[in-house]
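Here is the structure we will look at.
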Amino acid sequence: MRAETLPGMRCNGCGAAFALPGRICPRCGRDDRLEPCTLGPEGTIYSFTIVRVAPEGLEKEVPYALGIVDLVGGARVTARLLAEDPDRLAIDAPVRLERAEKGVYTFRAV
Amino acid sequence: MRDVVVAGVGMTDFGVFRDRRLEDLIYEAGKGALCDAGIWEEREAVQALYVGNFSAEGFNRQNHVAPIAVRALGLMGVAACRTEGACASSGIAMREATLLVGAGVYDLVLVVGVEKMNTIETPGITRVLAEAAHAEEEAAAGATFPSLFAMIARRHMHVYGTTREMLSAVAVKNHRHGAKNPRAHLRKEITLEKAMNAQPICDPLNLYDCSLISDGAAAVVVASRERARSLAGIPVRILAAAQASDVPCLHDKPDITISRATRLAASRAFGEARLRPADVDLAEVHDCFTIAEIVATEDIGFFEKGKGGPAALDGATAFGGSIPVNVSGGLKSKGHPVGATGLAQVFEMVTQLRGQAGERQVAGAAVGLAHNLGGSGATCTVHLFGREL
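Residue numbers (this note's numbering), protein chains in the order written: chain P, 463 to 572; chain B, 9 to 397.
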């Protein structure tokens, strides 16, 4: 599935947004001011790493880039990162959502 | 709350012990603590047993761990339960025991922390440890513990100018400390050059930024001050037992360079004890990764935010520095059998405050702090200890 935007929730109590359909705001703990919103598909890299020692099940995928992405719309997600040129992976670098499969988001540096 | 003390401590060596069972480790540490308190032969006096353990199900295919410890120590009939809070599992057990004795429910409690990790290969261990992160939102994407702390490190470097050299300074220091600890897993000094150029694990973290995969157990006898008068061990006062939580996912934190649970637990502990960070003579701090020690020394309040790295490089946290951190060698050199770590920190505090730490003794140590962190910072305990006057 090629994802254009991600469904999210916004808390009108504190302004935080998040990417999963939670029932409670993870920022302020309120449950009475949540409403659906859309997130992405653009974002920027908040932080990232290159995983070189894999957990069981992902041994064949190393090295892979993992990051925390700040999505347009305000939420942050943990995601796989792709880049034609590894130098494009940097804090604040722009990324775009490439796919969301089985709950795993993949972004590509643009 | 009435006054509570540690009346006895015990600990196995930390290392790789493929031929020792979970109960062998529990027996050695638990008996050690009860012997130290002088009540091994009268251990029916123990009123409750708390067992800190992260994942015997993952490493040993064993759940229901408390009865394993009951039988291993011959404490049949005692009220026993396990606490799990990732790497803070036995810090939590320590605090529960302290609170119950302080509240007058019990007079004498045994606390044991244990982990036997070297039962499966590294990828399996990495997977089990990653279960302390969020399964769907982090681990499914391929997050591992080194990767989560690597992202904290990269952000810390970006915001505060923390350098690769500062991270390695923590590793060099803790190895230098651990070389003097007979129970440490890796008693080996390393050079700054070696630490900086080690095999990359999750950039910017390399092998020497990561703690060790260890087997081991530690145990503590917690007693009311009153009860301890009739026990053999030199008591050490528990001045504070604090705990705090944060969200399970790193990405839900507004700023991943700040450990909010550490800040909360530390400020609660200092409040309980009516002390300030400047009153602490030495600290055992949760250095699962070098960056974790830097962040913790800032958020406990030893240094301003962003100054933890320069402090490590300048030697402020080394033996002989203004606030010695991890004189036991820490998780980095002493080792990190996850569920035993919180109590191994208590073991070091008690040994130091009794003045029995030999060549790693911090002169005049009167107040010590133990900081135990679970996951990427979602669970934290901070205990303060004081030399009995």
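For glycine and all other residues, C-beta sits at the position ideal for the given N, C-alpha and C.
Residue-chain proximity (residue i, chain P), Cβ-Cβ < 9 Å
i	result
Glu-146/B	yes
Ala-179/B	no
Ala-252/B	no
Ile-47/B	no
Ile-299/B	no
Arg-162/B	yes
Ile-125/B	In the sequence on display, residue 125/B carries Met and not Ile. Output row for Met-125/B: interface = no.
Ser-155/B	yes
Pro-131/B	yes
Thr-171/B	no
Ala-386/B	no
Ile-76/B	no
Cys-296/B	no
Arg-135/B	yes
His-259/B	yes
Val-293/B	no
Thr-152/B	yes
His-166/B	yes
Val-255/B	yes
Met-174/B	no
Contact with chain B by residue i, beta-carbon distance below 9 Å
i	result
Lys-564/P	yes
Arg-489/P	yes
Arg-538/P	yes
Thr-467/P	no
Leu-520/P	yes
Thr-500/P	no
Pro-503/P	no
Val-534/P	no
Val-557/P	no
Thr-511/P	yes
Arg-570/P	no
Gly-529/P	yes
Arg-542/P	yes
Leu-482/P	yes
Which listed residue (the options) has its alpha carbon closest to that of residue i
i	options	result
Ala-281/B	Arg-69/B, Ala-248/B, Val-293/B and Ser-253/B	Ala-248/B
Thr-171/B	Leu-200/B, Cys-257/B, Ala-291/B and Val-358/B	Leu-200/B
Val-566/P	Ala-552/P, Asn-474/P, Leu-482/P and Met-471/P	Leu-482/P
Gly-383/B	Ala-151/B, Gly-132/B, Asp-21/B and Arg-51/B	Ala-151/B
Arg-162/B	Leu-107/B, Leu-290/B and Thr-265/B	Thr-265/B
Ala-187/B	Ala-374/B, Arg-26/B, Leu-339/B and Glu-144/B	Leu-339/B
Gly-224/B	Thr-106/B, Pro-154/B and Asp-27/B	Asp-27/B
Leu-258/B	Ala-365/B, Glu-146/B, Glu-65/B and Gly-317/B	Glu-146/B
Asp-263/B	His-166/B, Gly-309/B, Phe-311/B and Thr-106/B	His-166/B
Cys-210/B	Arg-492/P, Asp-549/P, Gly-491/P and Gly-529/P	Gly-529/P
Pro-285/B	Arg-79/B, Ser-97/B and His-379/B	His-379/B
His-318/B	Cys-43/B, Leu-175/B and Glu-197/B	Looking at the sequence itself, residue 318/B is Pro, so the reference to His does not match. It is Leu-175/B.
Asp-547/P	Glu-563/P, Ala-527/P and Thr-540/P	Ala-527/P
Phe-25/B	Ile-128/B, Met-84/B, Ser-98/B and Leu-108/B	Ile-128/B
Arg-191/B	Val-12/B, Gly-366/B, Pro-75/B and Gly-93/B	Gly-366/B
Beta-carbon proximity of residue i to residue j, cut-off 9 Å
i	j	result
Glu-123/B	Asn-61/B	yes
Ser-336/B	His-183/B	no
Leu-361/B	Val-244/B	yes
Leu-57/B	Ala-37/B	no
Thr-389/B	Ile-100/B	yes
Glu-292/B	Gly-376/B	yes
Asp-8/B	Gly-372/B	Chain B is shown only over 9 to 397; residue 8/B falls outside these bounds and no answer can be derived.
Ala-250/B	Ala-352/B	no
Cys-490/P	Gly-475/P	yes
Ile-507/P	Ala-552/P	yes
Pro-503/P	Arg-558/P	yes
Gly-309/B	Ser-330/B	no
Gly-132/B	Ser-222/B	no
Thr-106/B	His-391/B	yes
His-185/B	Arg-395/B	no
Asp-295/B	Ser-238/B	no
Pro-212/B	Val-515/P	no
Thr-305/B	Gly-385/B	no
Ala-555/P	Leu-501/P	no
Val-229/B	Asp-44/B	yes
CB contact check: residue i to chain C, cutoff 9 Å
i	result
His-72/B	Any reference to chain C falls outside this structure, whose protein chains are P and B.
Whole-Å CB distance - residue i paired with residue j, under 8 Å assumed
i	j	result
Ala-177/B	Leu-321/B	5 Å
Asp-115/B	Ala-231/B	6 Å
Gly-16/B	Ala-41/B	4 Å
Ala-77/B	Ile-34/B	5 Å
Thr-349/B	Gly-121/B	7 Å
Ala-571/P	Leu-543/P	7 Å
> What are the start and end residues of each continuous beta strand (DSSP E) run of 3 or more residues lying completely inside the region 486-545 of chain P, in chain order?
Replying inline: 496-501, 504-513, 526-533 and 538-544
> What are the complete alpha helix (DSSP H) segments, minimum 4 residues, inside the region 338-366 of chain B?
Replying inline: 338-341 and 349-361
>> Runs of 4 residues minimum, wholly inside the region 263-304 of chain B: which ones carry the alpha helix (DSSP H) assignment?
In response: 268-281
>> I'd like the ranges of any beta strand (DSSP E) spanning at least 3 consecutive residues and lying wholly in the region 24-61 of chain B.
In response: 56-60
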